[in-house]
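Just below is one structure, and these are the notes that go with it.
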Amino acid sequence: MHDIRFIRESPDAFDAGLKKRGLAPLSAELLEIDRLRRAAISESEGLQAKRKALSQRIGIAKRKGEPAEAAMAEVASLETALKQGEAEAARLDEQLTHRLEVLPNLPLDDVPEGADENGNVEIRRHGNQRNFSFPPRDHVALGEPTGEMDFAAAVKISGSRFVFLKGHLARLERALAQFMLDLHTSEGGYTEVSPPLLVRDNAAYGVGQLPKFAEDMFHTDNGYWLVPTAEVPLTNLVNDTVLDEAALPLRYTAFTPCFRSEAGAAGKDTRGLIRLHQFPKVELVSITTPEQSAVEHERMTGRAEEVLRRLGLPFRTIVLCGGDMGPASRKTYDIEVWLPGQNAYREISSCSNCGDYQARRMGARYRPKEGKGTRYLHTLNGSALAVGRTLVAILENYQNEDGSVTVPDALRSYMGGLELIPAPAAKK
RNA sequence: GGACAGGUGGCCGAGCGGUUUAAGGCACACGCUUGGAAAGCGUGCGUGGUGUAACAGCCACCGCGGGUUCGAAUCCCGCCCUGUCCGCCA
20 MHDIRFIRES PDAFDAGLKK RGLAPLSAEL LEIDRLRRAA ISESEGLQAK RKALSQRIGI
80 AKRKGEPAEA AMAEVASLET ALKQGEAEAA RLDEQLTHRL EVLPNLPLDD VPEGADENGN
140 VEIRRHGNQR NFSFPPRDHV ALGEPTGEMD FAAAVKISGS RFVFLKGHLA RLERALAQFM
200 LDLHTSEGGY TEVSPPLLVR DNAAYGVGQL PKFAEDMFHT DNGYWLVPTA EVPLTNLVND
260 TVLDEAALPL RYTAFTPCFR SEAGAAGKDT RGLIRLHQFP KVELVSITTP EQSAVEHERM
320 TGRAEEVLRR LGLPFRTIVL CGGDMGPASR KTYDIEVWLP GQNAYREISS CSNCGDYQAR
380 RMGARYRPKE GKGTRYLHTL NGSALAVGRT LVAILENYQN EDGSVTVPDA LRSYMGGLEL
440 IPAPAAKK
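Our numbering puts the last residue of the first sequence at 447; the count rises by one with no breaks.
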């Protein structure tokens, strides 16, 4: 949600931000609605003030036992204009809100120009792509033959874009989640949270999922939304609150399943674990002051990268261009892990600084140490990491020629000391 | 699912047709006091909108939406949410 006063004061900056998003300028149109709205408010308030004064006089007169008919008649004569004025002011105010609430956030100045993912800019790389002495398999070819990655069973029970993990792979998923949570809570300073996965409209609205992205979420027949990411409940932890600056920053992490309808993704990534209706993810959310959010964003991205470093997975970090960012974000880093089975880097984390966009929608404010009043908080969220895709990356990067998979050092204690996930032939 | 009780500022809490211009307290800020602190005393302090160069002023807001009335936090209707008890249940 945008602040109309910002648009009033800096229409050019607003339009420049939209342009970076690939959108046409809107400030002139919005300011015209705002102008009409303010005129309507002034007129309506003038009438309201008149009614109020007269009503007070009537009250005083009645108490004294004096006649009040003249004043009562005068108020009555105002009624039509009053009703119309109030309705007009409300209508224009609502119109402005509806226009503003579907607009995306403005990109920060250092976000690159660009219409789509081709405009994204790689900013760093870590780790070397392994040199295989044999043609590397993809994760499906590694997982399915052992029966521990079972798409066929999932199809029978839930349809496409679901999976059963069993045995070593189920445990590997759990090990990864636990490893990530432990890292974030110990070194990262994040508080572990186990949040609700069904949320109400207002929570989905607060982070910007509603009203625009309803079709991307699953909805229950009694009115709940299944969370598409733990960002939704975690960020909403501060909705409708006024925090003391001393309490900041707040840092939350959660391991949850995420549910996405993947509307519009038909035919995309149909093979394997890459794009499912339900996938596990460890999420990070930070709540900070406007002054701190840029630093916090770098820190958060660094924590996500640290997971990959510990796991020994090669990755690159890119900054998304204006045309490729999610609507709530002012700046987004994607981290892409190297997947030898696909011979490509694939997104495994996305870390966004949402500025005050979500805070404004949620009513999330804080009281600054210095100065008066309240200010909107800044909210940030990032995956660290998408656990399903991390599992894919482990399988593909740590595979051996016989189809077995070496367990990375960092995970062995979480796997009961297991060093090797056996190949299909080794199983009976 | 059933019954009842409630939703008032950052928090607690009074008010239940007209000086509410939302009491009072807590918290917070500043000052006095003090060797320093606490306590005490004094002053200030809700949110949003509109308006202004900035003040001032004005309007709205007591869960949300309607209605009654000259006038609604207060009365009426609908909805949402919360709590308690009962039922069911991991």
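Just so it is clear, CB atoms sit at the ideal spot from N, CA and C, and this is done for glycine as well.
- Burial of residue 333 is indicated by the presence of at least 16 other C-beta atoms within 10 angstroms of its C-beta.
- With respect to the C-alpha of residue 78, the residue from 90, 68 and 67 having the closest C-alpha is 90.
- Listed as beta-bridge partners of residue 351 by DSSP are 371.
- The C-beta of residue 85 has fewer than 16 other C-beta atoms within 10 Å across all chains shown, which makes the residue exposed.
- Shortest Cα-Cα distance from residue 63 to any of 48, 112, 23 and 230 involves 112.
- Every beta strand (DSSP E) stretch that sits fully inside the segment 286-343 and reaches 3 residues is listed by chain position as 297-307 and 334-338.
- Listed in chain order, the non-local C-beta contacts of residue 421 below 6 Å within the same chain comprise 442, local neighbours out to five positions each way being set aside.
- With a minimum length of 3 residues, the unbroken runs of beta strand (DSSP E) contained wholly in the segment 396-427 fall at 397-405.
- For the segment 189-259, there is no continuous beta strand (DSSP E) assignment of 3+ residues that stays within its boundaries.
- Bounds of any beta strand (DSSP E) do not take in residue 127, whose DSSP letter is neither H nor E.
- In this structure residue 401 is not in contact with residue 373, their Cβ atoms being roughly 11 Å apart against a cut-off of 8 Å.
- Of all alpha-carbon atoms in 405, 396, 281 and 295, the one lying nearest the alpha-carbon of residue 367 is that of 405.
- Here the segment 414-433 lies against the segment 344-361, with 3 or more beta-carbon pairs under 8 Å apart.
- Rounded to whole angstroms, the Cβ separation of residue 166 and residue 185 is 7 Å, and the two are in contact under 8 Å.
- Measuring C-alpha to C-alpha distances from residue 201 to each of 429, 440, 435 and 180 identifies 429 as the nearest.
- Boundaries of the beta strand (DSSP E) around residue 383: 383-386.
- In this structure residue 259 does not touch residue 386 by the C-beta definition: roughly 15 Å separates them, more than the 8 Å allowed.
- By the neighbour-count criterion, in which a residue is buried when 16 or more other Cβ atoms sit within 10 angstroms of its Cβ, residue 180 is buried.
- Residue pairing by DSSP places residue 262 opposite 385 in a beta bridge.
- Nearest to residue 114 by C-alpha distance, out of 382, 438 and 23, is 23.
- Residue state for residue 275 is assigned as strand, using DSSP reduced to three classes.
- The C-beta of residue 96 has fewer than 16 other C-beta atoms within 10 Å across all chains shown, which makes the residue exposed.
- Annotation for residue 174: no beta strand (DSSP E) segment contains it, though the alpha helix (DSSP H) segment containing it runs 170-176.
- In this structure, residue 134 sits near residue 342, with a CB-CB distance shorter than 8 Å.
- At least 8 Å separates the beta-carbon of residue 383 from that of residue 182.
- Residue burial is scored here from C-beta neighbours: residue 315 has at least 16 other C-beta atoms within 10 angstroms and is therefore classed as buried.
- Burial state of residue 194 is buried, judged by a 10 Å Cβ sphere holding 16 or more other Cβ atoms.
- 328 is the residue among 328, 212 and 82 whose C-alpha sits nearest the C-alpha of residue 147.
- Per DSSP, residue 48 lies in no beta strand (DSSP E); the unbroken alpha helix (DSSP H) holding it starts and ends at 46-83.
- The continuous stretches of beta strand (DSSP E) do not include residue 159, which lies in the alpha helix (DSSP H) extending over residues 158-162.
- Excluding the 5 residues flanking it on each side, residue 125 has same chain C-beta neighbours closer than 6 Å at 36, in chain order.
- Assigned with DSSP and collapsed to three states, residue 151 falls in coil, not helix or strand.
- Counting other Cβ atoms within 10 Å of its Cβ, residue 300 reaches 16 or more and is therefore classed as buried.
- The straight-line gap separating the alpha-carbon atoms of residue 394 and residue 312 is approximately 14 Å.
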